[in-house]
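Have a look at the structure below before the remarks.
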Amino acid sequence: MALTSSLSIAASAELSTALDLTTGRAPLQVRRSVSLASGTGVGQADKVFSDRRTLAASASEDLDLAGVLLDAFGATITFARVKGIIVSAAAGNTNSVVIGAASSNPWATLLNATGTLTLRPGDAFSAHAGQANATAWAVAAGTGDLLKVANSGAGTPVTYDVVIIGASA
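Numbering of the sequence shown is given in this note's numbering, commencing with residue 2 and proceeding in unit increments.
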């Protein structure tokens, strides 16, 4: 099965102010992107996981990046390296979605073992390794492969979307 993928992060802004005879402008355009061919080497990926998930009030789950997740065709995915990740919290959530700090075997190469990222309703997080980054974010099956996702509070469920692109070797 072949996989071609691309990830990008972009921002645009224009700061302006009225001057005596003109308007001063400072436009900004920033875009970082990576295109990945099919494979397991530098600039390549061969696995993708995507899903819309819901967690009950105060619940959490560990996404096992090595051998439990299924791709769109029902095949088991084992990531050796993550090349890109996107997580977005639904705008209709009341509580936040908290990513990271699994109690055992945490996938620690992106957020460290105890680091977390809190996504309030409507927030999104995206990261991708550079085109020439040979290792990206390593996954260690059985010892460093759990990405914890938690509902920050009681009372209501949260929904989030997740996309993980990576390589099996």
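Quick reminder that beta carbons are idealized off the backbone N, C-alpha and C, glycines included.
From a predicted model like this one, the values you see are computed outputs, not experimental measurements.
For residue i, report the span of its beta strand (DSSP E) as first-last.
i, result
"F126", "125-129"
"P28", "24-39"
"T160", "159-168"
"G68", "67-71"
Can you name, in chain order, every residue of its own chain whose Cβ lies under 7 Å from the Cβ of residue i, other than the five neighbours on each side?
i, result
"G131", "V35"
Short of 6 Å in beta carbon distance, which residues of its chain neighbour residue i, apart from the five on each side in sequence? Order them along the chain.
i, result
"A27", "L16"
"T24", "S17"
"W138", "V83, T110, L111"
"G85", "L8, H129, I166"
"A12", "V31"
Skipping 5 residues on each side, what residues in its chain have a beta carbon closer than 8 Å to that of residue i?
i, result
"S171", "As shown, the chain starts at 2 and ends at 170. That puts residue 171 outside it, with no answer to give."
Taking the C-alpha atoms as reference points, what is the distance between residue i and residue j?
i, j, result
"S9", "A128", "9 Å"
"I166", "L22", "51 Å"
"G75", "T110", "27 Å"
"R121", "L20", "38 Å"
"T55", "V159", "6 Å"
"A103", "A92", "25 Å"
"T115", "L148", "11 Å"
Taking 7 Å as the threshold (C-beta atoms), are residue j and residue i in contact?
i, j, result
"A90", "D124", "yes"
"N106", "T144", "yes"
"L118", "I100", "yes"
"E62", "V163", "no"
"F80", "V140", "yes"
For residue i, which residues does DSSP report across the bridge?
i, result
"W138", "V83"
"D52", "V163"
Output yes if chain C places a C-beta closer than 7 Å to the C-beta of residue i; else output no.
i, result
"R121", "Reference to chain C is not applicable here, since this structure consists of a single protein chain."
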